[in-house]
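Everything on this sheet refers to the single structure shown next.
2 protein chains.
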Amino acid sequence: MESGCYKKLDKHLSVVGKSPEMTGAREKVTGKGKYTVDMKLPGMLYAKILRSPYAHAKILEIDASEAERLSGVKAILTYKEAKLLYVPGHGRNVDEFALDDRVRYAGDKVAAVAAESNDTAEAALEQIHVKYDVLPALLDPAEAMKPDAPKIHPELSNLKGNFQVVHKKAYGDIERGFREADHIVENRYTTSRVCHCSLEPHVCVASWNEEGRLTMWSSDQTAFAMRDSLCNALNLPMSKVRVVIPVHVGGGFGGKYGSAEGIVCALLARKAGRPVMLELSREEEFYTTRTRSPCIFETKTGFEKDGTFTARYVKAIVDLGAYAYGAVMAERAGFYHMSLYRCPNTAYDGYGVYTNNPPSGPMRGFTSTPIDFAIESDIDEVARELGMDPLELRLKNSIKTGDVIPYNDYDVTSSGLDQCMLLGSKRIGWERRQKNPGEVEDVKKRGIGMGIFIHFAPKLAGPNERSVGCATVRINDDGSVNLFLGTPEIGQGLTTTMAQIVAEELGARLQDVNVTVADTEKTPWGVVVSGSRTTVETGGAAKAAAVDAKRRLFEMASKLLKVPAGELLSRDSRIYVSGTSDKGVSFSELLQRSDVRAHGDNIIVCTATYQMPKYVPPFGAQFAEVEVDTETGQVKVVNIVAAHDVGRAINPTIVEGQIEGGVLTGIGYGLTEELVLEKTTGQTINPDFLDYKLLRAADVSKIETILVEPVDPVSVFGVKGIGEMGAISVAPAIANAIYNATGARIRELPMSPERILKALRTRRE
Amino acid sequence: MESGCYKKLDKHLSVVGKSPEMTGAREKVTGKGKYTVDMKLPGMLYAKILRSPYAHAKILEIDASEAERLSGVKAILTYKEAKLLYVPGHGRNVDEFALDDRVRYAGDKVAAVAAESNDTAEAALEQIHVKYDVLPALLDPAEAMKPDAPKIHPELSNLKGNFQVVHKKAYGDIERGFREADHIVENRYTTSRVCHCSLEPHVCVASWNEEGRLTMWSSDQTAFAMRDSLCNALNLPMSKVRVVIPVHVGGGFGGKYGSAEGIVCALLARKAGRPVMLELSREEEFYTTRTRSPCIFETKTGFEKDGTFTARYVKAIVDLGAYAYGAVMAERAGFYHMSLYRCPNTAYDGYGVYTNNPPSGPMRGFTSTPIDFAIESDIDEVARELGMDPLELRLKNSIKTGDVIPYNDYDVTSSGLDQCMLLGSKRIGWERRQKNPGEVEDVKKRGIGMGIFIHFAPKLAGPNERSVGCATVRINDDGSVNLFLGTPEIGQGLTTTMAQIVAEELGARLQDVNVTVADTEKTPWGVVVSGSRTTVETGGAAKAAAVDAKRRLFEMASKLLKVPAGELLSRDSRIYVSGTSDKGVSFSELLQRSDVRAHGDNIIVCTATYQMPKYVPPFGAQFAEVEVDTETGQVKVVNIVAAHDVGRAINPTIVEGQIEGGVLTGIGYGLTEELVLEKTTGQTINPDFLDYKLLRAADVSKIETILVEPVDPVSVFGVKGIGEMGAISVAPAIANAIYNATGARIRELPMSPERILKALRTRRE
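Sequence lines, in order, name chains A and B. According to my numbering, the first sequence is numbered sequentially starting from 1. According to my numbering, the second sequence is numbered sequentially starting from 1.
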């Protein structure tokens, strides 16, 4: 870890900026951590879901009588009981039922069984006989966009054809911009369908009590939104449903929220009168859990001789699949397009299209990662056209502190982007890149490339979505602190980071702070962990609650020490009079004074909410050095340098870990990962780790992380979101490095050996 | 149920005063409710405690090597590892260790074992070889009080001999009072050692995580005090220990808090590295769980010819047993003595004495029930001496609204005591009582008697004990309400009553309110459920939190409806403009408005504390009609009329249930129940339901309840504590009824057939 040139004088901080051990790490590495899947309730049944082999069909008849007679089968559910139970999703869409009499992709849910064992449930699925009326399937977005294409969601009468989103934005005069350009570069990029691959699958356990109260445990990314969706679907008051996300969740990456499985599981448990566990198999994880949206980007860039942009246009086509969880991406990619570089004339046309493919949706760097591949590959093409150093071109045109983003008039209060570029290029050895790409005669060619990013997630939330942090701080009689957060810990280190923020603000010993997360009966409301928002938003609330609790402590200490509260300081769970070293009182002494105790003045429970006054985007520059085997098409990633403007790293080790994990995701996205659908049936043909080609830690040579910490005046402790950033610019950096090595440009993801060999052949021809 | 003459116009109340079904009742009656004892954690071990056969001994040596070698034994604990871990108790005493090298009663803990099964643990106990140095045991308080008696707690150097408490209080001039009396009555009463007999025994489960966090589930009456005592003993921050009291607890009655078992269980679990359950057997329940304190009361009452009291004196000797959990009673009985009747000259000498008997402590009506037997029997004797109707004597001398209690200068803000006496005497048919006790010639003689009571518990808490209620109200987006309370539901109906208070104050639908209790990671701080304080104190906090939440709702509604908040009313989860029926908005509509949601203004979490500005004592008069078989000594209770000043019954059915349960306790205390200790060894000889003679519901003919509801200006909704009241005056009412039937006076509890026959013989002789 190397700190950026903006590093502040942090001498007044005692906990923030350090890297204490991550809470829960010991339980994870010793295998003792209990996940949802480890639960076992007395009498618990196991559920399985029957899935459609057809990409599009109407269910004419379901005969479950044979399955019902199987010994050990306790409940069967079909659309007859679950239709009209909407699955609330990501914002606007109400296009999916828990179960339906229509299936819209190969793998869509048809019926569900709860039985004494998983095996019995599986066996029962085979005894459920379904008569389908198979309908024509639209597997290609281009087909689905045709005016005469059959509607996949005829019930959504407000939609035109299969378009869920048609989003057009323009600033300046795009036509004039192109007219005035010295050069115009046009390209077409396609990105792939990839999967989150959380090590823990989607799993939930539902249990009802005698009075109709539902408790659900889940490996979800949200407790409260899941509670609300269950209440909506099942018509229950929110006070009577408890959703618990256990302290250990094996990853989420955007794939674990708002799913139909929870409702199905709850309905099965109610019908059977027993608790039910529903765990998705690895196969189901691959083909039913909302992949990253495959996209097509058509780009057109106009620029002057000196590299100044005159016009930038992107058309995006997003394959939503059967349900519209990815809809928002078709809009927000436009924001991304318009915010990373300065340009007076920009336009964006975005289309989110229903197909009969598996539904796509949020995934790490949801609205940034696919389009960044197109934009940052394009920048290299522009630089080549100009004969300019792509680093120089980026430094010239990229957004700077104080700039206003036209899309939403936000001004950039701090950007460490230029520093990321400068520090990162130095570290990777930018001067070593090929001057004449592809000219070296070796079979194995080396090259260096880069990509940059901005990221934007919260505050663009849908009109009805809260982008607010919430936290409760409780001080106990011994001065120890409980922090309650409604947001789950999904492995990102939330509990550690939040404890550091509260310990810092309160002046408490870190080891005295305990964090409780994501249980709708334990914690205040909490937003879904998504959009790299938690440290900023929930951290802001945690700090605010700590400020309030500290005020209470200082008021008491002020009376006791006969010193104005404004002259007090706290550190290590002790309150001092400023300027003295001996005059003071420990939290514990203060709170256990008999007069304070007797009147309950030491009962300190402070709840605070926090909304960012304005969004503070993170930035970064990622560099790749690759070695391309021109005979096999194999690409070896020699080194990745990830230089990130993280605002402030509350816990640098956790931040680095997040970035490294993201980089791995980015390498897989760039080179190997892809869910492949059979062209005629739409069935997923590689739903397993081996054929999907998920990378392992050992597949990566070297990742170097540089943390740049500019002073941001807006955010809490100056932090910026970091969870998704590692993934964004890795694929274009690799594409640009491959180009630098070989002179061959790959515009399709993943950049597989086949595609590389093909591109090399094209170049030679 | 019949309401008292003070019944208010409650038309403005919609939920309070009604009797909705008790939460959890269905789970209880269907047997589906899960208690602590039903828990089963993966890898859980079972613990047993080795107990001393000697009432007093020093442990010279413990050889556990054989036990350790037994297959399935996972951890053994002796004083070597647990000494110096104090068991915090009821207020002041620090006289008990988790395990000690000294045993102080027959049944005291010596060692503990955790093993794969209860049977293995039991077997291991037999393989632990202990060498004792047996010491002389003090089994009679009179012996223990002698100046030359050996000290049972020599380590408590500040104590004089075996006296834990010597408490003397006097008002007026007691000598002069007796000199001026026309009559003086002197008596001596003894009360018995009885047991709480909770249907669920003491049971706890301890589990540690990899980071040294402890979670404990327990059937205790307190989550937070248990957490604090574990932290004290084990030197852990309070934030890192979670204590959960499950929603179902099978009774407490004062017997379930502050015990050593929790610490032993936690230590075993830490040593074994696995979860441990420790459940006391029924035998242990009887002889180790702090019985009601056996007492001796010497009374002396001076009075004028017209029944006016001139002097009242009581000397109380309380057998604390080996540990001083009952110490406070030796003081507070003095308060009781000085508060029930007006008298210008009163004095009290109280002694709390250590013996080598099983420890005694709090039990339903802790400081009231034993002394009420003496005082209320005495009043009948005074009436007989005067030839006066005992009802008339009580009406003449009992404390009235506006009186000031000399003991602590509290004024009585409301008393329904006279009304209780008048209504109860009418109901029992007071005029049917024998004019000449014992003169009827039948073998089976009927008689009617009565007793009255005041009760006092909170606000006399120790100097370091908080008598404060605390509650958090959370409003969810759909307007439903979660109420969080740190106090446990032990079957008393807390969750129902508190939901009613919050629903009433907030104007919410009762079915939308859910109550979460007693989990140190879910709820704000909560006091132990004891002293009939919960509805008053915690209810006060629940109301205050609801007031705050309602203020937030009304502020929002005021903006929306453009009407000052002061003109708004709420009912059925809807806010109305006062005086209109159609203008308004439902909680749900209000909170789900997109502007409100987006900014998180609908995140409403309000925590409040409440301390009673002054104590509001409950009162009551209880009447018994009995039939005494003068040949067998058997007493049949024909009818009990319990007329109680309950302030206001939030849920009349629950109040009646509490009173009825208390009456049953009182009948057992009066007639059958007694833990009998062997005279020379101090061993309990009847530790089972049969020999202990616990009454069953079927043993009681009839209980009639009268609720008197005077307007109290101080307490929340006018409520008074009711949990313990049913038990207090039943025994003296029965004693007085037996006297009325037979002319024989019994001054020892229980009033067994043997004692009745003996008294009848004495009378005849």
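Note that the Cβ used here is the ideal one computed from N, Cα and C, for glycine as well. Note that the structure is a prediction, hence the values are computed from the model and not measured.
In the displayed model, A:G469 falls within a strand according to three-state DSSP.
By the rule that beta-carbons nearer than 8 Å mark a contact, A:N408 does not touch chain B. Taking 8 Å as the CB threshold, B:C231 lines the interface with chain A. Flagged as an interface residue toward chain A: B:T607, by a C-beta distance shorter than 8 Å. Contact check for B:G718 against B:A457 fails: the beta carbons are separated by 8 Å or more. At a cut-off of 3 residues, the continuous stretches assigned as beta strand (DSSP E) that sit fully inside the region 322–381 of chain A are 346–354. Per the C-alpha coordinates, the member of B:I475, B:C470, B:H337 positioned closest to B:G486 is B:C470. Close to A:R571, with beta-carbon spacing below 9 Å, lies no residue of chain B; the smallest spacing is near 17 Å. In the structure shown, B:G539 adopts helical secondary structure according to DSSP, grouped into three states. Beyond the five residues adjoining it in sequence on each side, B:E66 comes within less than 8 Å, by CB distance, of Q127, I128, H129 in the same chain, given in chain order.
Rounded to whole angstroms, the Cβ separation of B:L77 and B:L267 is 6 Å, and the two are in contact under 8 Å.
The closest CA to that of B:R227, considering only B:T523, B:P652, B:G321, B:E210, is found on B:T523. By the criterion of a C-beta distance shorter than 6 Å, A:K550 is surrounded in its chain by L506, once the five residues flanking it on both sides are discounted. Close CB contacts of B:T191 within its chain, under the 7 Å cut and outside five residues either way in sequence, are with P294, C295, P370, F373, L749 (chain order). The region 60–74 of chain A and the region 106–120 of chain A touch, with no fewer than 3 CB-CB distances between them shorter than 8 Å.
Among the residues of chain A, none has a CB under 8 Å from the CB of B:K636; the nearest is roughly 38 Å distant. The alpha-carbon of A:T705 is positioned some 18 Å away from that of A:H455. Taken in chain order, the complete alpha helix (DSSP H) segments of 4 residues or longer contained in the region 381–433 of chain B are 390–397, 417–428.
One thing to note: A:E381 has its Cβ no nearer than 8 Å to the Cβ of A:D182.
When C-beta atoms of the region 489–505 of chain B are compared with those of the region 440–451 of chain B, fewer than three pairs fall below 8 Å, so the two segments do not count as touching. For B:A503, no Cβ of chain A is located within less than 8 Å of the residue's own Cβ. Under the DSSP assignment, B:V730 falls in the alpha helix (DSSP H) whose first and last residues are 730–742. The Cβ atoms of A:A759 and A:I746 sit closer than 8 Å to each other. No Cβ of chain A is located within less than 8 Å of the beta carbon of B:H248.
The beta-carbon of B:R51 is placed no less than 8 Å from the nearest beta-carbon of chain A. Straight-line measurement puts the Cα of A:E116 at about 45 Å from the Cα of B:V16.
No Cβ of chain B is located within less than 8 Å of the beta carbon of A:I245. One Cα belongs to A:V314, the other to B:V577, and the distance between them is close to 53 Å. Apart from the 5 residues on each side of it in sequence, B:Q683 sits with its Cβ closer than 6 Å to the Cβ of A106 in its chain, given in chain order.
Listed in chain order, the non-local C-beta contacts of A:V515 below 6 Å within the same chain comprise L483, T495, M498, A499, local neighbours out to five positions each way being set aside. Within chain A, not a single residue places a beta-carbon under 7 Å from that of B:M216; the smallest gap is close to 15 Å.
A:I603 has a beta carbon lying within less than 8 Å of a beta carbon in chain B. For B:Y35, DSSP records a beta bridge to B:H248. The alpha carbon of B:G438 has as its nearest neighbour, out of B:D629, B:P732, B:L590, the alpha carbon of B:D629. Under a 10 Å Cβ-count criterion, B:P732 is classified as buried, with 16 or more other Cβ atoms of the shown protein chains found around its own Cβ.
Among the CB atoms of chain B, none fall inside 8 Å of the CB of A:R574.
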